[in-house]
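Engineer: Note that our numbering gives residue 131 to position 95 of the sequence shown, counting from 1, and the numbers run on in steps of one.
Built from N, CA and C at the ideal position, the CB exists for glycine as well.
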Amino acid sequence: RRQRVGCMGAWLTRMQAACLPPNEISFNSVINSCALSGRADEAESWLQRMLEAQLRPDRTSYNSVLSSFSRRGHVDRGAAWMQEMWRSSVPPDHVSFTCMI
Numbered sequence: 037r038r039q040r041v042g043c044m045g046a047w048l049t050r051m052q053a054a055c056l057p058p059n060e061i062s063f064n065s066v067i068n069s070c071a072l073s074g075r076a077d078e079a080e081s082w083l084q085r086m087l088e089a090q091l092r093p094d095r096t097s098y099n100s101v102l103s104s105f106s107r108r109g110h111v112d113r114g115a116a117w118m119q120e121m122w123r124s125s126v127p128p129d130h131v132s133f134t135c136m137i
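#1: Quick check on this structure: which residue in 51, 53 and 61 has the alpha carbon closest to the alpha carbon of residue 100?
#2: Rounding to the nearest angstrom, what Cα-Cα distance links residue 77 and residue 91 in this structure?
#3: What's the gap between the Cα of residue 57 and the Cα of residue 51?
#4: For residue 80, which of 53, 122, 134 and 45 has the nearest alpha-carbon?
#5: Using the rule of at least 16 other Cβ atoms within 10 Å of the residue's Cβ for burial, across every protein chain shown, is residue 33 buried or exposed?
#6: Could you work out which residue in 115, 98, 119 and 55 is closest to residue 64 when comparing CA atoms only?
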């Protein structure tokens, strides 16, 4: 599974290099795969790249990162992203709050 996540990230990078800008769905796929594989730092990194690409993360984007940090016990890092959700006018939902419990 770890190799597949790395491969997904590589394809997203190749898309960008080929001047084919990835969209929110492309980024969410990589973010969620990283999160499900226990790679919270990579999920966060891809969320940062999404923001740098001037794309608007949605609840799925944020909840994937929140869930990953929650599973690893990094509540403080999750809380920072929860604040970013509010600042970005993406209101947290029941999944977001459950990750913070």
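Structural biologist: Inspection of the coordinates gives the following:
#1: Taking the sequence shown and counting its residues from 1, the one referred to as residue 100 is at position 64. It is 61.
#2: The residue you call residue 77 lines up with position 41 of the sequence shown. The residue you call residue 91 lines up with position 55 of the sequence shown. It is roughly 19 Å from the alpha-carbon of residue 77 to the alpha-carbon of residue 91.
#3: As a position in the sequence shown, residue 57 is number 21, starting the count at 1. As a position in the sequence shown, residue 51 is number 15, starting the count at 1. Going by the C-alpha atoms only, they are around 6 Å apart.
#4: Sequence index remark: in the sequence shown, residue 80 carries index 44 (1-based). The residue with the shortest Cα to Cα distance from residue 80 is 45.
#5: Residue 33 is absent from the model: the chain starts at 37 and stops at 137.
#6: Counting from one through the sequence shown, the residue named residue 64 turns up at place 28. Measuring from the Cα of residue 64, the nearest candidate turns out to be 98.
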